[in-house]
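Each residue of the sequence shown is one higher than the last, beginning at 110 in our numbering. We put the beta carbon where it would ideally sit given N, CA and C, even for glycine. The structure appears right after this line, and notes come after that.
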Amino acid sequence: MARCGHGMEMRPTRAGRQRMTTYDVEVIKHRQWMQVARGPYLPAFDDLLRNEFLAEAQQQAWQRRALQRMVRYAAAQVPFYAALFARLGLRPVDIDDPQALENLPLLQKHDVLRCTGELRTRQLPSGERVATVTSSSGTTGRPVRVYHSTASARMFSLLSHRHARWFGFDPAGTMVFVCIPAEMPGHAERRIDTRHAVVREDHWRYVGQYFDTGPQYSFSIANPVDQQLTWMAEIRPQYVKGYPSVFEEWLFANAGDVPVAGLQALFGIGAQVTPALRSRLEQSYGIPVQQAYGLNEIGIVAGRCAAGRYHVHTEHCLVEIIAADGRACAPGQTGKVVVTGLRNFAMPLLRYDTGDLAVAVAGPCPCGRTLPAFGEIEGRYRRYAALPAGTKARVNTLVDAIGEIATEHLNFLRRYQIYQDRSNRFELRLVTAAPIPEAFRSGIARAWEAVAGDPAIPLVLREVEAIEPAPSGKLLDFASELHVDASVNPHATTASDRANGRG
Ligand SMILES: [Zn+2]
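Below you can see the structure in the form of structure tokens.
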């Protein structure tokens, strides 16, 4: 039978569970979710499941149609694109499939900042209105604001649900969201001081709009780690969503023990999880670390499958991985993540340069999903754009070195930050709970030797009382005094400007 339609049936499997495909498993999980659907039943959730397993030709045809629709719309209704197409002598039909996107220039964050008004639609399609405005930290401290139409905003819920299904989350489970202060429920209304509070909602954010789920508790990363762990022990959640740096701090503070019995999964958002951190967390806790990728300007972009690929939510956007010469990367190559929105008719963004790097992949994914995918996310490149040569290698080397130190030698550590001063000297700042063990000192010294350069750039291990979050509220593993020049270079971003995925 066809893999689609409402009242989806599982295809008969002769050999029972061992022969079940990913599709069969997803159908079972989908049915379990539909039993707790609230309000009017939404065929959109069936469509999402069907799209994940379309044959490749259908998959491509669907993407082509969605892209053509958005390009035609943008050229006709959005002043920025009308002018761009005229300037380049392009017609909408010239951008009729994803390969043709390379005829358009990349759209940078500073373009969006400068041209917010021109990027807004003159007239929304009928039935659509502006539903929400997202805001992300900009290059000069001015936030980048993106207006989202109803259809675009709704994708936060639909795709959050897709992730919950992929990751095998039990709807009845309790979710904890460890967030930056600005993401706390009630923050915008400023009804209560949410900085040092736990806020309970009856359902998981986004998913709870359509399904009966367990409760969600939110607290801010601004609270001391010991307080966070005390709350975790009281709430006893099955799932925790948050920034990977938070999970790493819990690991340090808890000597590698799982923060609370019964925890089923960690869900990392907003920044890369290095392979070293992922395997440390998974091995120490014995639970999976799930990951999604997204950014406020677009929304949820991709979710990571069990085979380690980030599958792109083509119902919402397209992704290109672009080499330095502007061409698509070959499989295995690392390049810029460039996203084209397909849903947001309020403020279309075509070929938006996310500032992130990821590895290109090709060929069918072992998980069986046919949604296009990319590989490991390697963090932000603009972070290093205005900094001395070798900075990125030095920072990555230190992060990896800490990742490779045995857990028993990390018990002293509560938080760390790599700091670069104006003279390109480095400090590894450490918030400690015990003396620094020799194994840590020697491991760091060995790693630094390889990247210190000649003459060697000094690295000092400095114990500090506290490491404050950046103005954005995020915890940074790297801060540089040399980033102050970012304000005069529109292509550079500040250290505080990390990808802020939502999921
Ligand atoms: Zn996959």
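Closer than 7 Å to a non-hydrogen atom of ligand 1 - does that hold for the CB of residue i?
{"i": "Arg63", "result": "Here the chain covers residues 110 to 612 and nothing more, so residue 63 does not appear."}
{"i": "Cys474", "result": "yes"}
{"i": "Arg418", "result": "yes"}
{"i": "Ala164", "result": "no"}
{"i": "Cys288", "result": "no"}
{"i": "Ala469", "result": "no"}
{"i": "Ala401", "result": "no"}
{"i": "Cys414", "result": "yes"}
{"i": "Ala411", "result": "no"}
{"i": "Ala183", "result": "no"}
{"i": "Ala482", "result": "yes"}
Could you tell me if residue i is buried or exposed, where buried requires 16 or more neighbouring beta carbons within 10 angstroms of its beta carbon?
{"i": "Asp586", "result": "buried"}
{"i": "Thr130", "result": "exposed"}
{"i": "Gly317", "result": "buried"}
{"i": "Asp462", "result": "buried"}
{"i": "Gln529", "result": "buried"}
{"i": "Arg418", "result": "buried"}
{"i": "Gly444", "result": "buried"}
{"i": "Val202", "result": "exposed"}
{"i": "Leu614", "result": "The question about residue 614 has no answer, for the chain in this structure spans 110 to 612."}
{"i": "Val285", "result": "buried"}
{"i": "Gly371", "result": "exposed"}
{"i": "Asn453", "result": "buried"}
{"i": "His305", "result": "exposed"}
{"i": "Tyr256", "result": "buried"}
{"i": "Ala411", "result": "buried"}
{"i": "Thr248", "result": "A caution first: Thr248 carries a pLDDT of 44, below 50, which makes its placement in the model too unreliable to give a value."}
{"i": "Ser551", "result": "exposed"}
{"i": "Tyr391", "result": "Before going further, note that residue 391 is Glu rather than Tyr in the sequence given. Per the 10 Å Cβ criterion, exposed."}
{"i": "Ile137", "result": "exposed"}
{"i": "Pro473", "result": "exposed"}
{"i": "Arg128", "result": "exposed"}
When you compare each of the options to residue i by their alpha carbons, which one comes out closest?
{"i": "Tyr319", "options": "Val308, Gln208, Leu267", "result": "Leu267"}
{"i": "Asp155", "options": "Ala170, Tyr132, Gln169, Ala166", "result": "Tyr132"}
{"i": "Ala153", "options": "Ala166, His139, Ser258", "result": "His139"}
{"i": "Gly148", "options": "Gln172, Asp321, Ala184, Ala306", "result": "Asp321"}
{"i": "Arg413", "options": "Gly323, Glu485, Val367", "result": "Glu485"}
{"i": "Glu517", "options": "Glu547, Asp465, Glu406", "result": "Glu547"}
{"i": "Pro207", "options": "Gly236, Asp279, Gln168", "result": "Gln168"}
{"i": "Gly277", "options": "Tyr493, Ile431, Arg436, Gln400", "result": "Gln400"}
{"i": "Val180", "options": "Ala166, Leu199, Ala170, Ala164", "result": "Leu199"}
{"i": "Ile566", "options": "Glu343, Asn533, Glu429", "result": "Asn533"}
{"i": "Ala471", "options": "Gly477, Gly441, Leu496", "result": "Gly441"}
{"i": "Leu537", "options": "Ala495, Ala498, Ala588, Asn520", "result": "Ala588"}
{"i": "Asn520", "options": "Ile344, Gly499, Leu539, Cys288", "result": "Leu539"}
{"i": "Gly408", "options": "Asp434, Arg274, Ser261", "result": "Ser261"}
{"i": "Thr259", "options": "His270, Ala240, Ser244", "result": "Ala240"}
{"i": "Val253", "options": "Ala192, Ser393, Cys224, Ala185", "result": "Cys224"}
{"i": "Ala385", "options": "Glu357, Gln373, Pro481, Val308", "result": "Glu357"}
{"i": "Ala467", "options": "Ala482, Cys476, Ala342, Ala455", "result": "Ala482"}
{"i": "Glu429", "options": "Gly395, Arg389, Thr449", "result": "Thr449"}
Is the shortest distance between the beta-carbon of residue i and the beta-carbons of chain C less than 8 Å?
{"i": "Gly435", "result": "In the structure shown, chain C cannot be found, because there is only a single protein chain."}
Taking only runs of the beta strand (DSSP E) that begin and end inside the segment 210-249, which ones reach a length of at least 3 residues, in chain order?
239-245
Could you tell me which uninterrupted alpha helix (DSSP H) segments, each at least 4 residues in length, are contained entirely in the segment 537-578, listed from first to last along the chain?
547-560
Quick one: complete beta strand (DSSP E) runs, 3+ long, within the segment 454-501?
Taken in chain order, the whole beta strand (DSSP E) runs of length 3 or more contained in the segment 454-501 are 461-469, 482-489.
Identify every run of the beta strand (DSSP E) within the segment 264-288, keeping only runs that are complete inside it and at least 3 residues long; order them along the chain.
Within the segment 264-288, the complete beta strand (DSSP E) segments of 3 residues or longer fall at 284-288, listed in chain order.
Counting only runs that start and end within the segment 497-534, where is the alpha helix (DSSP H) found for 4 or more residues in a row?
Fully enclosed alpha helix (DSSP H) runs of 4 or longer: 500-513.
Could you give the uninterrupted runs of the beta strand (DSSP E) lying entirely in the segment 287-336, keeping only those of 3 residues or more?
Entirely contained in the segment 287-336, the beta strand (DSSP E) runs reaching 3 residues are, in chain order, 308-310, 325-329.
3 or more residues per run - each beta strand (DSSP E) lying fully within the segment 356-403:
374-377
Which full runs of the alpha helix (DSSP H) of 4+ residues lie inside the segment 151-187, going along the chain?
153-161, 165-186
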